[in-house]
Every structure is written in structure tokens, then in C-alpha cells.
Amino acid sequence: MAGVGLALTDNLTVSFLNPASLSALSFTTISASFRHSSANLKSASQEASITDSNVSGVQFVIPLKQNKVALAIGLSPYSSAEVSFTSDEASTEEKPLLETVSYDGGVNTGFLSLSIKPFDRLYIGATALFYFGLLKNIQRIDFASPDLIDTQIELSRSVTGVNLRFGVIFKILSNWNIAGVLTPRVTLNSDNTLNLNITEFSSISSTAIELPLAFGIGTSFAVGRKLSVGIDYYRQQWSEVGKDGFNHDSQRFALGLEFSGKGSFRDSYFSRMAVRAGIYYKNLGLEDPIGEKVSEIFGTVGLGVPIKWRAGRLDLALEAGRRGSSSKNPFRENVIRFTGSITIGERWFLRRR
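For what it's worth, the working numbering labels the leading residue of the sequence shown as 181, then goes sequentially.
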């Protein structure tokens with residue numbers, strides 16, 4: 181459904197973004213997701229390709245009071261980088277050399293969520309976010325001559341920080357939900373270490389990494405018994421933190437549809453399958469070299485396949501889209517992304533009535 185999910189509440193939807201929805205889960209639930217993407221980069225004179233595979237997150241939800249109170253713990257990647265550039269532009273006939281610059285590492289988020297349903301139509305939730313990770317920037321120069329010593333400079337940044345996220349879902353009607361999420365602005369701490377190939381300087385300085393205020397609103401409603409529609413809007417205010425390269429706020433608009441038989445686990449296999457489609461547009465908050473905003477647009481199709489558990493499903497989706505700026509800049513990225521998640525729910529830790 182193009183990533184739509186802020187306002188969804190059902191037994192098979194485990195939201196990583198809106199903690200309010202977790203108390204709608206009737207069973208103890210484990211959810212894990214992954215993704216694989218392939219990007220083809222083209223410009224007027226250059227072409228390249230990039231592939232990336234990673235786990236998108238793991239979450240374990242325990243209903244402390246069925247459909248009233250739920251607790252969840254989990255882990256998800258916030259950012260990652262694995263890039264390497266090689267150049268011989270600084271090489272001369274007298275001193276031939278090869279220069280390599282690489283970036284590696286990432287920041288992960290561990291989280292603890294609590295969701296409560298105080299009234300029939302209201303769900304509220306909060307998540308404690310724990311950021312941690314290691315980022316490395318390595319610059320290496322290899323000389324062809326044995327008379328010259330190869331050099332390497334490695335800057336390591338150990339990142340830590342804590343934040344909160346708040347979420348709410350309100351049922352206007354039995355088939356219509358509205359929702360909102362808010363993550364305050366936060367400053368992460370970065371302890372830096374500089375390592376030369378001859379010595380190491382520990383904790384040369386501590387720097388701050390600013391993450392912006394982020395918020396989103398969404399709605400979902402059912403049309404009849406089998407069709408569901410969801411709409412989300414999510415915004416990150418990067419322009420206010422003064423981050424290099426981010427001159428504008430990041431904004432995401434998404435629309436998704438799901439057609440499902442809505443059968444229970446006792447019904448036939450095909451009555452429990454779900455077919456999905458969606459589209460989303462995102463302004464990344466970046467500018468290209470000529471000052472144009474960088475945006476992306478994607479279309480998605482997906483399938484939800486029931487598996488052998490009381491509340492279990494395998495969700496698969498294929499996304500295709502284009503990332504780039506205006507026609508003034510011919511640089512484009514054509515991206516294909518495959519995502520999947522598995523959700524398993526059982527009656528663990530629940531009292532027998």
C-alpha cells in the first residue's frame with residue numbers, strides 16, 4: 181500500500197511508525213521485514229548501478245491486556261552507508277598514486293513502545309527511541325613507488341542518543357480512522373576518533389548531529405467489507421536544523437488500496453489473501469548541483485499471503501519508480517525495490533478466561 185499505515189488497526193498490521201496501533205493486536209506478535217533495491221543511475225555522460233539489501237526491522241509485541249494495553253520492543257536501521265570512490269586524478273608521472281575514499285557504517289534505533297486503548301474509539305501510544313551506531317570515513321593513498329609510504333586516515337564517529345515518538349488513532353466511525361504521529365527534534369552525540377596509519381587519536385572531539393522535528397497524519401477507511409483505502413502525509417523539517425545539503429523539508433504523500441477477503445484463520449486460504457496497490461511522492465529535502473529540488477515518485481503492488489499460524493501472514497511488495505530533479509538536470513535514478521515482511525501471532529502470555 182505504498183507504505184501507508186499510520187491509521188491502520190488490525191490483527192496483522194504491526195506499525196513501526198505509529199505506536200498507538202499496537203494495542204489493536206489481539207495476540208502476542210512477532211514481525212520482521214526486509215528489503216532489496218536496485219538503482220540504475222544515468223546522466224548525459226555517465227551510468228552506474230547500485231544494489232542494496234538489508235533488514236528493515238524486527239518488532240515483538242506483547243498484549244498486557246487483550247485489545248487494551250500492549251508493550252513492544254524492537255530494532256530498526258535509521259540510516260546506513262557503504263560507498264567507495266577511487267581516483268587517480270592527483271597522480272603525476274613522477275608520483276603515480278591511487279586515492280580511495282570510502283564511507284561505511286550506519287545508525288540503528290532500538291525502541292520500547294507502550295500502547296493503550298483508554299476508550300472504545302481512541303488509541304494512544306508512545307515510543308522511547310535509542311539511537312546507536314558507528315560511522316567511518318576512510319581516505320587512503322597508495323603510491324606505485326616503493327620509496328613512498330602509503331597513507332590512510334580513518335575518522336570514526338560513535339553515535340548515541342535518546343528521543344520519544346508519540347502516536348494517536350481515533351475511530352470516527354467503525355470503518356473510518358484518523359491518526360497522527362509526532363517525533364520531537366533531537367540532538368545526537370558523536371564521539372570522534374582519528375586513526376592514522378602511524379598513530380591513533382582517541383576522542384579528538386565530540387560533535388552534535390541534529391535530527392529534525394517530524395510529524396505525520398493519516399486516515400484509513402473501509403469501502404464495504406473487502407476494500408480498504410489509506411492516505412498518509414509525513415514531514416521532516418530538515419530546513420530548520422541547518423544540515424548540509426538539506427535546504428528544504430522532506431515531505432511524503434502516499435495513497436494505498438487493499439482488497440482482502442477478510443476471512444478468519446478458520447476460513448479458506450484464498451479468503452484470507454490480500455492484494456494491494458499504491459503510489460507515493462516524496463520531496464527528499466535535497467537540492468541537486470543546479471539548485472533544483474530532488475524528488476521521487478513510486479508505484480507499488482503487493483500481496484499478503486496467509487501462513488500457518490493463528491494470525492500469520494507473509495507480505496510481499498514490488499516498488500518501481502524514479503528519483504531525480506527537473507528536466508534541466510538530466511541526472512536520473514530508476515529504482516526497483518522488493519520488500520517483504522513476516523508476521524506471526526499466537527496466544528502467548530494471555531490468561532485463560
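Cβ atoms here follow ideal geometry from the backbone N, Cα and C, with glycine treated the same way.
Report the three-state DSSP secondary structure of residue i (helix, strand or coil).
i: A182; result: coil
i: F395; result: strand
i: A200; result: helix
i: S451; result: helix
i: W528; result: coil
i: S325; result: coil
i: E420; result: helix
i: N372; result: strand
i: G313; result: strand
i: N220; result: strand
i: A187; result: coil
i: F511; result: coil
i: P257; result: strand
i: S386; result: strand
i: E279; result: strand
i: D232; result: strand
i: K297; result: strand
i: V194; result: coil
i: E472; result: coil
i: N343; result: strand
i: R405; result: coil
i: N377; result: coil
i: Q226; result: coil
i: R456; result: strand
i: D268; result: coil
i: R320; result: strand
i: R365; result: coil
What residues in its chain sit with their C-beta under 8 Å from that of residue i, if we drop five residues either side in the sequence?
i: E227; result: N220 and L221
i: K248; result: S203, I296 and K297
Excluding sequence positions up to five away, which residues of its chain have a Cβ less than 6 Å from the Cβ of residue i?
i: F346; result: A306 and L362
i: T231; result: S218
i: G398; result: L186, A187, A359 and D412
i: E499; result: F478, T480 and R517
i: S260; result: G286
i: V238; result: A212, G254 and L255
i: N375; result: E334
i: N355; result: F401 and A402
DSSP beta-bridge partners for residue i?
i: P486; result: R493
i: F541; result: In the structure displayed, the chain extends from 181 to 533; residue 541 sits before or after that span and is not available.
i: K351; result: N357
i: P243; result: A250
i: G465; result: BP columns for G465 are empty, so no partner.
i: Q431; result: R415 and N463
i: R140; result: With the chain represented from 181 up to 533, any question about residue 140 goes unanswered, as that position is not in the structure.
i: D330; result: In DSSP, D330 forms no bridge with anything.
To the nearest angstrom, report how far apart residue i and residue j are at their CA atoms.
i: V281; j: S213; result: 32 Å
i: F196; j: H428; result: 25 Å
i: N317; j: D284; result: 7 Å
i: G520; j: G458; result: 15 Å
i: S451; j: S264; result: 48 Å
i: V515; j: L483; result: 20 Å
i: G404; j: N198; result: 25 Å
i: T373; j: S385; result: 8 Å
i: E526; j: K297; result: 20 Å
i: R337; j: S370; result: 6 Å
i: R365; j: A308; result: 14 Å
i: L437; j: D495; result: 14 Å
i: E334; j: S229; result: 26 Å
i: M181; j: F439; result: 10 Å
i: I522; j: S267; result: 43 Å
i: S419; j: R512; result: 24 Å
i: A433; j: A388; result: Here residue 433 turns out to be Phe, not Ala, going by the sequence shown. Spanning the two alpha carbons is a distance of roughly 30 Å.
i: L315; j: A324; result: 29 Å
i: N343; j: F310; result: 7 Å
i: G471; j: L244; result: 52 Å
i: G183; j: F312; result: 25 Å
i: G290; j: N377; result: 34 Å
Quick one: does the C-beta of residue i sit closer than 6 Å to a heavy atom of the ligand PLP?
i: K351; result: As presented, the structure is devoid of all ligands, the ligand PLP included, so that no description of it is given.
Please confirm whether residue i has its beta-carbon closer than 7 Å to some beta-carbon of chain D.
i: N514; result: Note that chain D does not occur in the displayed structure, where there is just one protein chain.
Residues in its own chain within less than 7 Å of residue i by CB, not counting five upstream and five downstream?
i: T193; result: G185 and S201
i: K473; result: H428, N463, E467 and S505
i: P486; result: Y449, R452, M453, G492 and R493
message = Three Cβ pairs or more, each shorter than 8 Å: is that satisfied between the segment 330-350 and the segment 288-303?
response = yes
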